[in-house]
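For the protein sequence lines, the chains are A, B, C, D, E, F, G, H, I and J, in the order given.
If you use our numbering, the first sequence corresponds to residues 4 to 163, in order.
If you use our numbering, the second sequence corresponds to residues 4 to 163, in order.
If you use our numbering, the third sequence corresponds to residues 4 to 163, in order.
If you use our numbering, the fourth sequence corresponds to residues 4 to 163, in order.
If you use our numbering, the fifth sequence corresponds to residues 4 to 163, in order.
If you use our numbering, the sixth sequence corresponds to residues 4 to 163, in order.
If you use our numbering, the seventh sequence corresponds to residues 4 to 163, in order.
If you use our numbering, the eighth sequence corresponds to residues 4 to 163, in order.
If you use our numbering, the ninth sequence corresponds to residues 4 to 163, in order.
If you use our numbering, the tenth sequence corresponds to residues 4 to 163, in order.
Just so it is clear, CB atoms sit at the ideal spot from N, CA and C, and this is done for glycine as well.
10 protein chains.
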Amino acid sequence: MTRTQLTEKILDIKREKGWSWKYICGEIGGMSDTLIVGALLGQMKLVKPLAAKAAALFGLSAAEQSMLNEVPYRGMPMPPTDPLIYRFYEMVMVNGPAWKALIEEEFGDGIMSAIDFDFDFERMPHPKGDRVKISMSGKFLPYKYYGAEQGIPEYGFKEE
Amino acid sequence: MTRTQLTEKILDIKREKGWSWKYICGEIGGMSDTLIVGALLGQMKLVKPLAAKAAALFGLSAAEQSMLNEVPYRGMPMPPTDPLIYRFYEMVMVNGPAWKALIEEEFGDGIMSAIDFDFDFERMPHPKGDRVKISMSGKFLPYKYYGAEQGIPEYGFKEE
Amino acid sequence: MTRTQLTEKILDIKREKGWSWKYICGEIGGMSDTLIVGALLGQMKLVKPLAAKAAALFGLSAAEQSMLNEVPYRGMPMPPTDPLIYRFYEMVMVNGPAWKALIEEEFGDGIMSAIDFDFDFERMPHPKGDRVKISMSGKFLPYKYYGAEQGIPEYGFKEE
Amino acid sequence: MTRTQLTEKILDIKREKGWSWKYICGEIGGMSDTLIVGALLGQMKLVKPLAAKAAALFGLSAAEQSMLNEVPYRGMPMPPTDPLIYRFYEMVMVNGPAWKALIEEEFGDGIMSAIDFDFDFERMPHPKGDRVKISMSGKFLPYKYYGAEQGIPEYGFKEE
Amino acid sequence: MTRTQLTEKILDIKREKGWSWKYICGEIGGMSDTLIVGALLGQMKLVKPLAAKAAALFGLSAAEQSMLNEVPYRGMPMPPTDPLIYRFYEMVMVNGPAWKALIEEEFGDGIMSAIDFDFDFERMPHPKGDRVKISMSGKFLPYKYYGAEQGIPEYGFKEE
Amino acid sequence: MTRTQLTEKILDIKREKGWSWKYICGEIGGMSDTLIVGALLGQMKLVKPLAAKAAALFGLSAAEQSMLNEVPYRGMPMPPTDPLIYRFYEMVMVNGPAWKALIEEEFGDGIMSAIDFDFDFERMPHPKGDRVKISMSGKFLPYKYYGAEQGIPEYGFKEE
Amino acid sequence: MTRTQLTEKILDIKREKGWSWKYICGEIGGMSDTLIVGALLGQMKLVKPLAAKAAALFGLSAAEQSMLNEVPYRGMPMPPTDPLIYRFYEMVMVNGPAWKALIEEEFGDGIMSAIDFDFDFERMPHPKGDRVKISMSGKFLPYKYYGAEQGIPEYGFKEE
Amino acid sequence: MTRTQLTEKILDIKREKGWSWKYICGEIGGMSDTLIVGALLGQMKLVKPLAAKAAALFGLSAAEQSMLNEVPYRGMPMPPTDPLIYRFYEMVMVNGPAWKALIEEEFGDGIMSAIDFDFDFERMPHPKGDRVKISMSGKFLPYKYYGAEQGIPEYGFKEE
Amino acid sequence: MTRTQLTEKILDIKREKGWSWKYICGEIGGMSDTLIVGALLGQMKLVKPLAAKAAALFGLSAAEQSMLNEVPYRGMPMPPTDPLIYRFYEMVMVNGPAWKALIEEEFGDGIMSAIDFDFDFERMPHPKGDRVKISMSGKFLPYKYYGAEQGIPEYGFKEE
Amino acid sequence: MTRTQLTEKILDIKREKGWSWKYICGEIGGMSDTLIVGALLGQMKLVKPLAAKAAALFGLSAAEQSMLNEVPYRGMPMPPTDPLIYRFYEMVMVNGPAWKALIEEEFGDGIMSAIDFDFDFERMPHPKGDRVKISMSGKFLPYKYYGAEQGIPEYGFKEE
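Here you go:
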């Protein structure tokens, strides 16, 4: 059994039952919807209590439940050909240089973590057409300057 | 003169003057910092009054000022090799499928615009390490179902 | 069941029945032929009433009908190796720069939407060989200049 | 001198003079704007009388005028990273399969020419936002079935 | 059923029967061998009377016969790794620039069609080792200069 | 000095003098036009007497003449974006499998040489539009079955 | 049946029987080991008498025996990820320019054939660690200068 | 001035002076050699006091000193063609799956940081040939399970 | 049976039994955990006694046991999309140039072997978050300067 | 100064002087011709005494002589488009799997070194056309099975 086969099985059941993701996330609960849906699509791990709830909901075997608790091989083929996902890719491609310049000026040498980050989106009603509002925050991780002597900042935080 | 040459000239002046992006954006003003920095890095257009201010600040020629008012050929080589930009790319690569599933369930068939979208980031102090907080909102654009007969939704909004 | 398997099943039935796309689109109706054929080939969503008609026509199961109502992961491998599709790709590759220059001069900074666009083609008889006539129109979406102050155009429409 | 250098020179002059493409095309005339702009951007050939007019307008040397009359090495790097051009690329990537199915059913085995084709776009005012209207027609070129015996259609036109 | 599966089935039968391509093309007849073999390998369409003959020869079902009459998605992965096909690819890669220069000088701006072209090869005995002799001719398609005024050549034929 | 710089210099002179390739090949002579143009474009070597003639014609230095006599690093970026060259590439991509099947059946296991091959093209007048007629022949090179024992064909010629 | 499936079957039998390649090549004989193993792995053709011996050894069907006698679609995905094969790839990548310079100086304009070439390797005992000794020889194929006049070398052999 | 130009200048001076990296790192000091060399090669930032020392050593201008203090656009083209760097790439390609399995089992869901990591290498004398000994340690960053309810681990640390 | 299928079977059993890698490596023993896990994931060979132990543990057939003793086709698709493996890839991409400079200065011209290398990792408790500590050592292999005369170093060791 | 610029300078001098590689290698001496030519083309390092001889021969500056003594960033773009180099690439692509099978059976788990290897080629006269004879030998490097217990072979040599 591969993770792709498990995802296909879960989507088959979702389709047959006519369940929405909202319903499924409500039943499993315990974490953000993005993480739960990500796990069911094969990109995230479900911690044990949630994997158990998912297994109960979808009627999965013990091995399938166990697989949901495994960290999958993450990622999808790039560039994304699907327009919805491509638009996010384009935001990075067009705005990446400016984000880099501004974040480094504000925080110093480092990155915004893609691991310790949270993400939320909500519908923002708007008279000219509703908007997708996305909020995310990621921990800033400064480049470590190892071997640093005294008087040299050990981490890449903004220099005075 | 190419846009790349103009960007290099602007960065040379910034370096010689010791200016920060914050200072530069404050002098030019009128739009979000991301857009101004993006324009100076060759990814965005500066509208005429701002191009004039930028030209005055950097001592640019009339032709250079005019080039800042042009829409550049946007985009950068992908995948990004720089870690800071790569982390955003990875967020899309890992979370794209879940975002697609949840946005389509909430909004129907369509995309979140990468054109009519706004973006802001701020520093979020945190005891375990400060965080980069990003807020963005993009207009939801439903797929148009052209040739739609009466009784068929003309646009891809969520079906009842 | 994957969307590819559903497409293959639909094409098998079409072949066995000897149906033309014209006949199939006539039976399902309600939207443009390009969208209906696109959905049956796995690139578009059929809204519920049309998915029901398609299911009745092809004798599909409830789950298969439901899958036709889902937004698929759109896109195909590029560059296209098939000559018919490649010619469209070549038009973009050769004429893209001129289209960009002219559209931006006429409309300002922005794009022609690939989401809110309609498309039609017809046969144009011609003594030297019939022609394929294509008409399409897409909504112009101006780049949003967020954070714009008063006096600065909020959207990228053509500056005076 | 390369064609890229000539294009850069022409754009420098356009910028210094403050000319629009509309003005330039009006001065050169004789062919569609898309072709004239395409030639000045290095993707098309200008026939001799138009190359002469362009040379007079831009003050080009005889060798530069001669280069405008040459067929350039056409094409640009793909996939396009610029959002405006990418949207056209996406239309092909998402709708290509349906276009192929419908054109082949209507015309038989063959292609729509990307060489013998004309193209026009215009602004279509619309209360919800103006639209870009594109019309194009390309000669249908049937696949030649060479070596065809009598009774076998020599060309790929739609079989009865 | 996919076209690949049909090709595999046809090759299985060819192998079991011990038929040569010469024999198969003799039985089906009506078009050049390259086209018939191309169709059986999934790159070309067989017109109806030939598809019927092929179906009789290979004992195919009505649906399989119908599939042979469909235009396949043409093309193969490139660059070709097989040495025989690579040599043709290399001819284009090495000689393409000279062919372009000479054809454009002789014919003007345009292409040699890959659709309306015929192809033949024969064995040419030679004392130092036999040669493969290839003859092909393709219709020259001049670039259309649409929107052309009087006095401007409407097509890209060689200018006087 | 690179070969690319020499090619650019030769094209500059050709343009300034208003020479055609036909004229240039007539002046240099001694080999097929495709080879002479190929050498001037940096894909072929000119043997010494021809390099001398080319140097006299274009007024080249001794080092430049010597460079024309060198074997260049052959090849161009693929896939070709220029439509004229792409059509040849497409012929290989679409017809390669059939060519392989037929050549191997006729000649046995081996290739048609891209090194020991000659090439010629001519204009073929045709009432429906002139055609480009191409003739080429390449030596068939059988795969060597080294280590072959007696009774086993040493070379890959067609088995009886 | 595909060639990949036949290779998998042969490897399954080899594994079950516990045969070495040396044993298999001894049983089939008649050609070099590299060619026999290459054929069983799907990269070479076995001539008829050897295909018959291989079929007897592995207990293959008549169709499978026939497939071993077919010329396969040669080649594997590149660059090779396996370290053993990569080292050969690296030798070409690092030493290719020097090999080209030296072979062309010694032999003139042409190539060393990859078709008419033989290959052998043996174990070379060495006190610091045994070495793999490889010997190969390929026919030098000079570039044909077709259309060559008298006094011009017809082939690309080293000029005096 | 680009960072590449600055790197080239620094290497020119190093070569003219005959300095070793060891000498240079000794003069600049304050951080690990890998970081200092990385900065001089354009992959890292030198903090201000070190940039000042480097500027004094190499006789750089104020603008060049300032550029050394900037965070560069990190990364190099991949896969690396140089054998020394490729071997590290190969270690990841061959051992990546096992490292992932073992690290996730020991630490839970997360990554080893490439930002907060230190690196050292030393020569390890060995009778059969000296060895390169590498030690590195990177902070383990657990995937954040945002939106986690009580009782659900907030971070991806190893579950009991 | 392919190696991928064997890996999938082994992972299925591991999941059903609820075994950890630590437990599995303890049962098989005899080599480092990285090598054992690598072999079970299809990247390494298990020597015969360990393949026998693995077969007993997982209840494998003789052929499956034999396959574990074969050297697999090593490597995985790159760049890695999974974040954990990507971080190692990024370390090479960002630090490769500095590692090359420093290793060559210390050892001379050559590489650190990716074949004769050992690898170990351990958990390093740390108050700010535990760290992954990696130690590896690889034999330095100097480039052989073959054909070296007396007085010229035969190997690429550091010159005095 | 880059290594590419130095190579171009050396080739300019070679061309102006009319020197052959044989002459140059004779003057520099001390190592195999392949290594000397490789170094002058920017792929290898010349040890100090040879760099001195090369500098004297070509009249290089001290900095240029020093650069010849540096280990360059090795490798060239792949796949090679030049036919002479491609044929070597093709040998690896077609024969790689068989070489892997046979070398591993003879030597055990490991590779043939691309670093500690020597290479020689010579002209082999042959009545049907002279041949390029290549001899190379590379040290076999067995995969190290680190952490190996007693009774388990420490290295990957052929198991009994």
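Figure out for me which residue from the options has the closest Cα to the Cα of residue i.
{"i": "Tyr-92(B)", "options": "Ala-117(A), Glu-73(A) and Ala-59(A)", "result": "Ala-117(A)"}
{"i": "Lys-12(I)", "options": "Ala-66(A), Arg-134(A), Ile-16(A) and Val-135(A)", "result": "Ala-66(A)"}
{"i": "Phe-124(E)", "options": "Thr-37(E), Ile-16(E), Arg-6(E) and Gly-21(E)", "result": "Thr-37(E)"}
{"i": "Pro-128(F)", "options": "Val-40(E), Lys-142(E), Lys-147(E) and Pro-128(E)", "result": "Lys-142(E)"}
{"i": "Tyr-26(D)", "options": "Glu-109(C), Ser-138(C) and Ile-137(C)", "result": "Glu-109(C)"}
{"i": "Lys-131(G)", "options": "Met-47(J), Ile-106(J), Asp-119(J) and Met-139(J)", "result": "Asp-119(J)"}
{"i": "Asp-121(C)", "options": "Pro-145(B), Phe-122(B) and Asp-121(B)", "result": "Pro-145(B)"}
{"i": "Gly-111(F)", "options": "Leu-60(G), Ala-58(G), Val-74(G) and Cys-28(G)", "result": "Val-74(G)"}
{"i": "Met-47(E)", "options": "Ala-58(E), Pro-100(E), Ile-106(E) and Arg-6(E)", "result": "Arg-6(E)"}
Would residue i and residue j qualify as a contact pair, given that the criterion is a beta-carbon distance under 8 Å?
{"i": "Leu-87(J)", "j": "Leu-71(J)", "result": "no"}
{"i": "Thr-84(E)", "j": "Gly-45(E)", "result": "no"}
{"i": "Val-40(G)", "j": "Ala-54(J)", "result": "no"}
{"i": "Ile-16(C)", "j": "Lys-56(C)", "result": "no"}
{"i": "Tyr-89(B)", "j": "Pro-82(B)", "result": "yes"}
{"i": "Met-34(F)", "j": "Tyr-148(G)", "result": "yes"}
Measuring only the C-alpha atoms, how far is residue i from residue j?
{"i": "Leu-113(A)", "j": "Met-94(I)", "result": "Inspection of the sequence shows that residue 113(A) is occupied by Gly rather than by Leu. When rounded, the distance between both Cα atoms is 14 Å."}
{"i": "Ala-151(I)", "j": "Arg-134(G)", "result": "18 Å"}
{"i": "Leu-14(I)", "j": "Gly-78(A)", "result": "20 Å"}
{"i": "Ile-137(D)", "j": "Trp-22(D)", "result": "25 Å"}
{"i": "Trp-102(D)", "j": "Gln-8(F)", "result": "44 Å"}
{"i": "Met-115(J)", "j": "Met-96(J)", "result": "16 Å"}
{"i": "Pro-52(A)", "j": "Phe-61(A)", "result": "14 Å"}
{"i": "Met-4(C)", "j": "Glu-19(I)", "result": "25 Å"}
{"i": "Leu-43(B)", "j": "Pro-100(C)", "result": "22 Å"}
{"i": "Gln-68(A)", "j": "Ala-59(A)", "result": "9 Å"}
{"i": "Arg-126(E)", "j": "Trp-24(G)", "result": "38 Å"}
{"i": "Val-98(C)", "j": "Pro-80(D)", "result": "Looking at the sequence itself, residue 98(C) is Asn, so the reference to Val does not match. The straight-line gap from Cα to Cα measures roughly 12 Å."}
{"i": "Leu-63(B)", "j": "Ser-64(D)", "result": "28 Å"}
{"i": "Glu-107(A)", "j": "Cys-28(B)", "result": "15 Å"}
I want to verify the contact list: residues of chain L whose CB lies under 8 Å from the CB of residue i, in sequence order.
{"i": "Asn-98(A)", "result": "As a matter of chain content, chain L is missing from the structure shown, whose protein chains are A, B, C, D, E, F, G, H, I and J."}
- prompt: In chain order, which continuous runs of the beta strand (DSSP E) of length 3 or greater are located wholly inside the stretch 108-140 of chain C?
  reply: 113-127
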